[in-house]
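Asker: This is the structure, below, for whatever I ask next.
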Amino acid sequence: MEWAWVGVFAGFLCIMVGHLIKSLWLEPKRKTEYFRAQGFEGPPYKILGMGNGVEIARLMTESRSMALPLDNNIMPVALPFYHLWSKLYGSRFLCWFGSKPALCTDDPIVVKELLMNNNGVLQTMIFNPSIKEALGRGILVLNGSDWERHRRIVIPAFGIDNLKEMVSRINESAKNVIQCWTQKARSCDEFELDVFKEFKIFTANVIGTTSFGSEPGQAKRIIELLDEQIALAIANYSFVPGYRYLFVKRRWRNMKLRREIRKCFTELVEGRKKMGKRDRDLLGSMLEANQKEAVNGGLSTEEIIDECKTFFFAGHETSAALLAWTCMLLGIHQEWQDSARAEVFEVLGTERVPTWSDVNKLKTVGMILNESLRLYPPGVAIARKAVKDCKIGSICLPKDTQFLVPILPMNYSETIWGDDAEKFNPYRFSEGSEKAMGSFFPFGKGPRACVGQKLALLESKILVAMILQNFSFHMSKNYIHSPVVFVTLYPQHGIPIILHALKRLVAINRR
Ligand code: HEM
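For the sequence shown, our numbering assigns the number 1036 to the initial residue and increments by one for each residue that follows.
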């Protein structure tokens, strides 16, 4: 009898070992040949190196200790593995995230097909499981019919009429920034600030007040909790599977945060539902759209809450990074700072805060923001995964193949942008971004394009205009140029700039 059990156990062990050999060794070998036949070379798959995961982690870690000269040649630091492998193997290559193949290509036809695809064979993917956990069932992590249902309810919240109403809330947050800086300027002629830190507070306020901000006290508390939860999710991320389970205290705190966030939001949403009247923020618009969609299956309270969390996650650091890189570029290129300020004075004068129609007149500021999004796109790549065998362009993808659309490398491609691709030249957007649209998509494109694009540009234009109206600035000598990627492309050591108030003691309170 005992021998029979030993036999069963040995059989089970053989099956397991066979399965491991197949999935960790034979399949990657077969797929390497399969993709090589389609023109994809790449770094060798390493069983103990988690595919190329360990090497990617090493390159990313090493790049963090590098400081670059103050130009825009940022690829070696921002995406070191892409920089290295595209030089060795060309702009289409194969690498491995664990035992899963990942293809990279900047071929515009393939990229377009990947992003425009809506037949469900390609799905979005989030690499960080802690972020997935924090976002619950928000639109960013969903696929298929659930994603369609969410998107139908989320999209109207970002419509033009709602955006127009958000201008006054954004102006309030922007005034707080200017007011606080003006206070600093009272005691000294010039002062130094890390604007990335400042912009993170500004964008958190904007997303809080435009998403669920009719009750400022409640919004502030929720912002604090969400901020802490996302910081924890980021700290918990590692290429090592199971790493996030090692820190019991962090997990404990995370669970507490989740409970508290849910409680605050549930009170907020249920309170709104009882009030019956529509509040003029994203939550209010979603609740309204949800009522209309009820017959087609609307969203539950839990799902609405997850959408609010998603807006915060997707729209907070991305927009702060856009503002920070823009200030850096204007701090270096004084001639563009002067010409943008001249435009702001022409449209707003020296005192007025922007209205919706003013924002549309700020063409130079718009061009500068586009060029900043090109050189320093907060989202450096878009990932997709094939959930069935399929064909994209001329490439056959077996199920489970991942694809990276390299936004940052494409933004630096000389084939697309010409020999001055690395130069800051906002003139290239003088006819809008549509002309370059085929290959310029900092907000993604196709069915999964960013829902918050217009909000991000609106808040950025308003704050940049108000800063230019009140201050001149240049880079501090303490600035270290080290743009690195962790979820977004951000300045690792902040963006210290020296600010000088244009009209000291501006009585902003009088406005
Ligand atoms: C400069 C600021 C921003 C940048 C560069 C940016 C970039 C992007 C990109 C590239 C995508 C597409 C991802 C993909 O195709 O898989 C995306 C999606 C998304 N963004 Fe943004 N974003 C920004 C601001 C915002 C803001 C302010 C919000 C919300 C308030 C927001 C909410 C979202 C959501 C919900 C999605 C997912 C859409 C879907 O999957 O259907 N983003 N964003």
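No residue lacks a Cβ here, since even glycine has one placed at the ideal position from N, Cα and C.
Can you round the beta-carbon distance between Leu-1503 and Ala-1375 to whole angstroms, since I take them to be within the 8 Å contact cut?
Answerer: With 8 Å as the limit, Leu-1503 and Ala-1375 qualify as a contact, their Cβ atoms being about 6 Å apart.
Asker: Going by C-alpha distance, which of Leu-1358, Val-1241, Trp-1360 is nearest Ser-1203?
Answerer: Residue Val-1241 is the option with its Cα nearest to Ser-1203.
Asker: Note the first and the last residue of the continuous beta strand (DSSP E) segment covering Arg-1419.
Answerer: Segment 1417-1421, the beta strand (DSSP E) holding Arg-1419.
Asker: By the three-class DSSP mapping on this structure, what secondary structure does Ile-1543 have?
Answerer: For Ile-1543, the predicted structure reports a pLDDT of 47, less than 50, and the residue's modelled location is therefore unreliable. A value from the coordinates is still provided. Looking at Ile-1543 - three-state DSSP - the assignment turns out to be helix.
Asker: Excluding the 5 residues preceding and the 5 following Phe-1234 in the sequence, name in chain order all residues of the same chain whose CB lies nearer than 6 Å to its CB.
Answerer: Taken in chain order, the residues that qualify are Ala-1355, Leu-1358, Ala-1359.
Asker: CB of Gly-1350 to nearest heavy atom of the ligand HEM: below 7 Å?
Answerer: Yes, the ligand HEM has a heavy atom inside 7 Å of this Cβ.
Asker: In three-state terms, what does DSSP make of Gly-1487?
Answerer: Gly-1487: coil per DSSP, three-state reduction.
Asker: With a cut-off of 8 Å on the beta carbons, I'd call Gly-1133 and Gly-1173 a contact; round off their distance for me.
Answerer: With a Cβ gap of about 25 Å, Gly-1133 and Gly-1173 do not count as contacting.
Asker: For the alpha helix (DSSP H) that contains Ala-1324, what are its first and last residues?
Answerer: 1317-1328 is the extent of the alpha helix (DSSP H) around Ala-1324.
Asker: I need the straight-line Cα distance from Leu-1175 to Ser-1165, nearest angstrom please.
Answerer: Leu-1175 and Ser-1165: Cα-Cα distance of roughly 14 Å.
Asker: Per DSSP, what kind of secondary structure is Phe-1128 in: helix, strand or coil?
Answerer: Phe-1128: strand per DSSP, three-state reduction.
Asker: Looking at Ser-1354 and the ligand HEM, is the gap between the Cβ and the nearest heavy atom below 7 Å?
Answerer: Checking every heavy atom of the ligand HEM against the Cβ of Ser-1354, one is found closer than 7 Å.
Asker: Taking 8 Å as the threshold, find out whether the stretch 1511-1527 comes into contact with the stretch 1098-1115 through three or more Cβ pairs.
Answerer: Judged by Cβ distances under 8 Å, the stretch 1511-1527 makes contact with the stretch 1098-1115, as three or more pairs qualify.
Asker: Measure from the alpha carbon of Ala-1416 to the alpha carbon of each residue in Met-1445, Ile-1430, Val-1041, Glu-1076, then state which is nearest.
Answerer: That would be Met-1445, whose Cα lies nearest to the Cα of Ala-1416.
Asker: Answer yes or no: the CB of Gly-1487 versus the heavy atoms of the ligand HEM, is any distance below 7 Å?
Answerer: Yes, since a heavy atom of the ligand HEM falls inside the 7 Å radius drawn around the Cβ of Gly-1487.
Asker: So, with DSSP's three-state summary, where would you put Gln-1253?
Answerer: Here Gln-1253 sits in helix by DSSP.
Asker: Suppose contacts are defined by Cβ-Cβ distances below 8 Å. Is Met-1321 in contact with Ile-1339 by that definition?
Answerer: Contact: yes.
Asker: Assuming Ser-1511 contacts Pro-1531 (C-beta within less than 8 Å), just tell me the rounded distance between them.
Answerer: At roughly 4 Å, the Cβ-Cβ gap stays under 8 Å, so Ser-1511 and Pro-1531 are in contact.
Asker: Spatial neighbours of Cys-1343 within its chain, please: CB distance less than 7 Å, with the 5 preceding and 5 following residues excluded, ordered by chain position.
Answerer: Excluding sequence neighbours, Cys-1343 sits near Ser-1246, Phe-1247, Phe-1300, Leu-1318.
Asker: Could you give the DSSP three-state label for Leu-1228: helix, strand or coil?
Answerer: The answer is strand: DSSP assigns Leu-1228 an E or B state.
Asker: Is it right to say Asp-1424 is buried, meaning 16 or more other beta carbons lie within 10 angstroms of its own, or is it exposed?
Answerer: Classification of Asp-1424: exposed, given that the 10 Å Cβ count is below 16.
Asker: Which of helix, strand or coil does DSSP assign to Gly-1479?
Answerer: It is coil, neither helix nor strand.
Asker: Note down, in chain order, each residue of its chain lying with its Cβ closer than 7 Å to the Cβ of Val-1189, except the 5 sequence neighbours on either side.
Answerer: Only Ile-1174, Met-1321, Glu-1342, Val-1486 meet the Cβ criterion.
Asker: From Ala-1349 to Thr-1244, what does the alpha carbon distance come to, in whole angstroms?
Answerer: If you take the alpha carbons of Ala-1349 and Thr-1244, they lie about 15 Å apart.
Asker: Below 8 Å, can you find three or more Cβ-Cβ pairs linking the stretch 1422-1436 to the stretch 1131-1149?
Answerer: The stretch 1422-1436 vs the stretch 1131-1149: in contact.
Asker: Look at the alpha carbon of Leu-1267 and the alpha carbon of Asn-1289, and state the distance between them as a whole number of angstroms.
Answerer: Whole-angstrom Cα-Cα distance: 7 Å.
Asker: Could you spell out where the beta strand (DSSP E) holding Val-1440 opens and where it closes?
Answerer: Segment 1437-1440, the beta strand (DSSP E) holding Val-1440.
Asker: Tell me, to the nearest whole angstrom, how far the beta carbon of Leu-1410 is from that of Asn-1107; I am working on the premise that it is less than 8 Å.
Answerer: That pair is a contact at about 5 Å.
Asker: Buried or exposed: where does Asn-1544 fall if 16 or more other Cβ atoms within 10 Å of its Cβ makes it buried?
Answerer: Residue placement at Asn-1544 cannot be trusted, given a pLDDT of 43 that sits under 50; the coordinates are not used to answer.
Asker: Identify which residue in Asp-1455, Phe-1347, Thr-1336, Lys-1420 has its Cα closest to the Cα of Ile-1161.
Answerer: With distances taken between Cα atoms, Ile-1161 lies closest to Lys-1420.
Asker: Who does Gly-1086 pair with in a DSSP beta bridge?
Answerer: In the DSSP output, where bridge partners are listed per residue, Gly-1086 has Lys-1081, Phe-1132.
Asker: Which of the three DSSP states is assigned to Gln-1158 in this structure?
Answerer: Strand at Gln-1158.
Asker: Could you give the distance in angstroms between the alpha-carbon of Gly-1046 and the alpha-carbon of Leu-1059?
Answerer: If I take the Cα positions, the gap works out to 20 Å.
Asker: Take the Cβ of Val-1043 as the centre, count every other Cβ of all protein chains shown within 10 Å, and call the residue buried at 16 or more, exposed below.
Answerer: Val-1043 comes out exposed.
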